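Residue numbering for the sequence shown follows this note's numbering, starting at 3 and increasing by one per position.
Just below is one structure, and these are the notes that go with it.
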Amino acid sequence: EMTKLVEYEDEPHPIISEALAETDEIVVQEAVTAGSEAEGKSLRDLQMRTEIGMEVLAIQRGGRWIYRPRASQTLLAGDKVIAVGPEDGAHDLAVLFGSAPAEEE
């Protein structure tokens with residue numbers, strides 16, 4: 003989806019361009035699954051930047067994009083989230099969104 007976004011637009015959205023320019027962080031897309039820890043919670047409540055180092059750049063809900071979502075934005079099942087952060091944070095994001103199992107300690 004993100005590849006399509008970049009391929010089909012003449013100019014990618016400035017937020018995406020900025021994220022892609024970062025060399026020490028990766029950009030990921032993850033869907034929020036029903037019943038996950040993230041479903042129904044606001045970005046503020048999830049504290050993703052603080053807890054796992056991931057910053058949400060955009061949310062795709064239905065056919066529209068929400069760029070630079072506010073901290074009060076609530077995540078719903080089916081939302082596709084584009085986030086940037088460290089590689090290990092990407093796995094933690096997948097766990098939070100319910101698409102990967104938590105690692106046992």
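Virtual Cβ for every residue (Gly too), placed ideally from N, Cα, C.
Keep in mind that this is a model prediction, so the values were computed, not measured.
To the nearest angstrom, report how far apart residue 99 and residue 34 are at their CA atoms.
Rounded to the nearest angstrom, the two C-alpha atoms are 5 angstroms apart.
Out of curiosity, what's the CA-to-CA distance linking residue 62 and residue 95?
Approximately 16 angstroms between the Cα atoms of the pair.
Check the DSSP bridge columns for residue 57 and list the partner residues they point to.
According to DSSP, residue 57 bridges with 86.
Taking the alpha carbon of residue 85 as the point to measure from, which residue in 39, 46, 55 and 42 has its own alpha carbon closest?
Residue 55 is the option with its Cα nearest to residue 85.
In whole angstroms, what separates the C-alpha of residue 83 from that of residue 44?
Each residue's alpha carbon lies about 13 angstroms from the other.
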